[in-house]
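Encoded as structure tokens, the structure appears first; notes follow it.
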Amino acid sequence: MLILTCPCCGVAGEETEFAAGGEAHLKRFGPGSDDDQFHDYLFMKENPKGVHLERWRHANGCGKWFLAARNTVTMEVYGTYAAQTYEPPKEIKDKISAKVPGWSWREFS
Amino acid sequence: MSTRLATGGRLIDRAKTVEFTFNGKRLKGRAGDTLASALLANDQMLVGRSFKYHRPRGIVASGGEEPNALMNMGEDARFEPNQRATTTELFEGLTCKSQNHFPSLEFDVGAINTRLSRFLPAGFYYKMFIHPRSFWKHVYEPFIRKSAGLGKAPRDRDQDTYEHFYAFTDVLVIGGGVAGLQAARAAAETGAKVMLIEQTADWGGRAMVDGGTVDGEPVDKFVQKILSELQEMSNVTLRTRMMGAGVYDHGYVLGYERVNDHQPDALGPRHRLWRIRAAQTITATGAIERPISFAGNDIPGVMLASAVRDYVVNFGVSAGDRTVVVTNNDDAYRTAFALKEQGLDVPAIIDARVLPQDSVLMAQAKAQGIRVIMGHGIAGVKGGKRVTGVQLCSQAGEGAVLEDIACDVVAMSGGWSPVVHLWSHCGGKLNWDEANAMFRPDVYKAPMGDAGEAFVSTAGAANGHFGLGDLLEDAHAAGLAAATATGAKAPKGFDAPKGITVEEAPIQPIWLMPQGAGPKKRMKAWLDYQNDVKVSDVQLAAQEGYESVEHAKRYTTLGMATDQGKLSNINGLAILSDALNQPIPQTGTTTFRPPYTPISMSSIAGEARGEIFQPLRKTVLHDWHEENGAFFEPVGAWRRPYCYQQSGESVKDAVIREIDGTRNSLALLDASTLGKIIVKGPDAGKFLDMMYTNMMSTLKPGKCRYGLMCGENGFLIDDGVVVRLDEETFLCHTTTGGAESIHGHMEDWLQCEWWDWKVYTANVTEQYAQIAVVGPNARNALARLTKDDISNDALPFMGFKDIELDGIPCRAYRISFSGELSYEIAVPASYGRALWDKLRAVGAEYDVTYYGTEGLHVMRAEKGFIMIGDETDGTVIPQDLNMQWAISKKKEDFLGKRAQERSHMADPNRWKLVGLETVDGSVLPEGAYAVADGENANGQRNTQGRVTSTYYSPTLKRGIAMGLVHNGPDRMGEVIDFPKVDGTVVQAKIVDQVFYDKDGEKQNV
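Top line first, the protein sequences correspond to chains A and B. Residue 9 is where the first sequence starts when you use this note's numbering, and the numbers rise one by one after that. Residue 67 is where the second sequence starts when you use this note's numbering, and the numbers rise one by one after that.
And the structure:
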């Protein structure tokens, strides 16, 4: 059972305190997008073996959504950060690079 | 025969007799016995029948790895199947029965299967039961169901209590043998918080039986000393009878404490499930001895060598008078010594190895006059329900019998396998140690924690160290390393105790005995006793292409029984490797999964049973409902009255009475459970335009609007009435079950997508009580409680107004889910009961009725209103429900808009909502499908629609339904067929979905 730290309220809690919300940094495609764009947005979610950026909600805590950089193989949590951002903070990216040289996730590396 | 010896038995109290019952026989044991040792003391070697062939089976082991001695334990409210006799401590009055036999243990009809065994090979079920297809349902499945399953299912409610504990520690040590004790002692010296758990009732593990020397003293003295030191330390917690059941991500460990299994009438819970968070976990879980695969190795009396000496040393019980030891390693010699010390006969030690010179233990055996036969093996075991002898052969040959040796016990040892289960649960990897023929933890590939650090380490025999010298060094280092990893400082000058490792000759892996055993012998050489898997089965699996160890396991069922292959897995994968002609590490192991041995279902439930199984949500009117005959139904975590039964009234009649009362005069409904979410801020209107398919920003303050909510995938997720309280404030009503998830949904979009919008949401569901005042007399009744103008002009349909009802400040909404004149009155929750009582009082004059959720459902169906979860199931879009009127065409965007443009969503062939009227007036079955002509690719009848809601309508006095039908709205008046499960067909006419008051004149007065 994972331990995650909510960057909003600072509480380190058990997995049961949180709700997973799938892939992070989603770019919404709405009306006006073509079929392929919308299909990819709706269905083609990242599910990597290794470094992953995810959405989590502190559902049984402060209620805030946040993002987590995590390794789905080693279970290491590189860090959690605010949901109101377009890319992972540099210090988290550096931390991942130190552990997993050459990593990439969508447009981030 | 097996019997109690005159002397010995370090764990028993000979002065205390304990009576127990086995298969109805009253037997006597001693305090300190396990059920297994007590059975052996009573010459009860035969304890069960095997699963597939019903072969007679005896006790094989002395611990949790026991595959055969499974009992139906206890009676009535304390009945529990599949309990291992070897881990059950004896208590006064224990009752148990052996399993899997008919009519009796001694004489079993199913044993005929063993004669048919050549017709029941691996994969038998897969091969046999495929054709003909129709046989599966009526012949094969009933037959398999009848014969499958070990033990009986309990019938009565468990009378005992169970609980969960939460614990946090720096270092958790699992296993209270010498290694675990030393690891805990070393960790504790640093000042770290240490918890040490041991699955049995006593400390010291195997060393207490096998002996040895530590710091110049006998090992049991050392155990006493270290234990008393640990007991003195305030930073150490010690628990016995507590097993490490599973290791999970980030240092979460489950401990299973059998608090009162050995004293069922004592106070306190029977089992306790510990949910432990440990920064570091050390698995000092020891090792398990392996059987050897030779013909007849399952006959009662063939036992693990270590178990034979455990029974002698721990319980003063001999498994038999004459014991032949068969081994491929030195350790089994200790069994011969223990037996000799008690004056028991050891006709021979059959050692499969050929060694250049005698080891220390071999020389000792010879010095004691024991016949040691090197390079030989067992060709076959003689006997049926009990061993009568063994046939000696050369290990290198094909099993030509050289000599018969009479004996009643065979003590076998195929070497030792470290217990790596807990290490492996969370991803710890293994290495194959060629020299010692065992898998051991790869300490460089440990399970990783949240900071990317190893959080599990291993010590002692679990780490492949067997001699006391190496083992203590290893455990000491593991304890210090774990403690310092948590931030503690290693003390100076604190060294490991010095143990003496006895020099042993190397093991020689023997996976089949004799090496050239032919098919007949391989069919009698058991690997998995509990699931009846033999060497020949695994070889057949390999031959038939099941090369992956995981496939071979499922094909043969090797290791899939309740013992999870603790004795059989390594032997099985060695046979598989040999058959595939590849090295063992290339075959690998199957996955180790928690729990280590089975834990009780009740311990998992803990306190969560009966009334406190789940927290219930109750409205402020719950007590009144309860006092007035409410028949409750669960709606999410709420309990809502389904109807109120009057004395002598059926549920069905109550619902009819409630609907008639509502439609004819006046009724009250507790609508408090409806979700209520405040959405507030300068951008609230803009935000709700995205959330709902309708336009909400144009709603005027003081007005209500019904809205539909879809997910980004276009499908309906919720509906409800939105109220604009003022320019910046909306109140969104949601379904009862949707309040929390819809609030979460709103927050998701606000926090993660439109985080710059100025909107605030609050779920105020429980802050308000809401009472629907419904029926033609609703206004008349309310007028008696207020001076405020509630006329149709002052408070029209889909409007709301703040009013005062006999001094209580209320908000009255003119909304209706029943089709009648209706006011939903919201008050702060604390006023709920007072308002309810006042409404009841004024309602008396109008013969007020109280209605529940079923009346609500029927009345909304009579009006053709949809219900989320009935008309929708996650695949339905508003267009399917003919609700285009609720989808704004002006809005550029809302959640679901783009998805509803996708080709399949816009397909004119989607089934659409219609009303259904049965031709004979009966009620359509729920979920019934309408059939169409022809068959699909699977030979099933084509369908053209399905029922989504169906009720008896008291208003129309007939069955009414709604359903989704292909081209439904264009087929009004057409009759379609709905077959029922009994084979008959109900015909229904496609009609408009609004059955009652089509123009809405009743609600709009």
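Virtual Cβ for every residue (Gly too), placed ideally from N, Cα, C.
Within 10 angstroms of the beta-carbon of T800/B lie 16 or more other beta-carbons, which makes it buried. In this structure, the alpha-carbon of L606/B lies about 58 Å from that of K963/B.
Residue environment for K101/A: buried (at least 16 other C-beta atoms within 10 angstroms of its C-beta). R419/B and G443/B have their C-alpha atoms some 9 Å from each other. Restricting attention to G909/B, M67/B and F753/B, the CA atom closest to the CA of H811/B is found in F753/B.
For V59/A, no Cβ of chain B is located within less than 7 Å of the residue's own Cβ. Cβ-Cβ separation between E928/B and G885/B: approximately 7 Å, consistent with a contact (criterion under 8 Å). Rounded to the nearest angstrom, the Cβ distance from T389/B to V412/B is 6 Å, consistent with a contact under 8 Å.
Shortest Cα-Cα distance from L947/B to any of I439/B, P664/B and V1060/B involves V1060/B.
In the three-state scheme derived from DSSP, where H, G and I count as helix and E and B as strand, L247/B is classed as helix.
Around W821/B, the beta-carbon contacts reaching into chain A at under 7 Å are Q92.
Under the 8 Å Cβ criterion, the stretch 754-768 of chain B counts as touching the stretch 955-962 of chain B, having at least three qualifying pairs. Per DSSP, R659/B lies in no alpha helix (DSSP H) and is assigned neither H nor E.
For E983/B, the secondary structure class from DSSP, reduced to helix, strand or coil, is strand. Legend: CB atoms of the stretch 496-528 of chain B lying less than 9 Å from CB atoms of chain A belong to residues P513, M514, G515, D516, A517, G518 and E519.
Using a Cβ-Cβ cut-off of 7 Å, T88/A does not count as an interface residue toward chain B, since no Cβ of chain B sits closer than that to its own.
In the DSSP assignment, D499/B falls within the unbroken beta strand (DSSP E) covering L496 to D499. Here the C-alpha atom of V285/B lies approximately 21 Å from the C-alpha atom of P484/B.
When the five nearest sequence neighbours on each side are left out, the beta carbons in the same chain lying within less than 7 Å of the beta carbon of M504/B are those of G481, W482, S483, P484 and G530, in order along the chain.
G90/B counts as exposed, since fewer than 16 other C-beta atoms from the protein chains shown sit within 10 angstroms of its C-beta.
Under the rule that a run must span 3 or more residues, the beta strand (DSSP E) segments found entirely inside the stretch 77-114 of chain A read 85-90. DSSP assignment within the stretch 583-657 of chain B yields the following whole beta strand (DSSP E) runs of 3 residues or more, N-terminal first: 592-594. For Y995/B, DSSP records a beta bridge to R1012/B. A contact is defined here as three or more CB-CB pairs under 8 Å, and the stretch 93-100 of chain B fails this definition with respect to the stretch 94-110 of chain A. With contact defined as three or more Cβ pairs closer than 8 Å, the stretch 225-240 of chain B and the stretch 279-296 of chain B are not in contact. Residue environment analysis places E464/B among the exposed positions, since fewer than 16 neighbouring C-beta atoms fall within 10 angstroms of its C-beta. Residue environment: K558/B is assigned as exposed (fewer than 16 neighbouring CB atoms within 10 Å of its CB, all protein chains considered).
Less than 7 Å divides the Cβ of V914/B from the Cβ of L732/B.
Legend: CB atoms of the stretch 814-844 of chain B lying less than 8 Å from CB atoms of chain A belong to residues D814, Q817, C818, E819 and W821. Exclusion of the five residues before and after A135/B leaves A102, V113, G114, I125, R150, A151 and T152 as the residues of its chain whose Cβ lies within less than 7 Å of its Cβ. For N138/B, the uninterrupted beta strand (DSSP E) segment begins and ends at L136 to M139.
The closest CA to that of A907/B, considering only P862/B, R926/B, L851/B and E870/B, is found on L851/B. Between L339/B and the set Y772/B, V438/B and M667/B, the nearest pair of CA atoms involves M667/B. For the pair K35/A and S41/A, the Cα-to-Cα distance works out to about 12 Å. With its beta carbon less than 7 Å from one in chain A, D315/B belongs to the interface.
Contacts with chain B at 7 Å (Cβ-Cβ) include T82/A.
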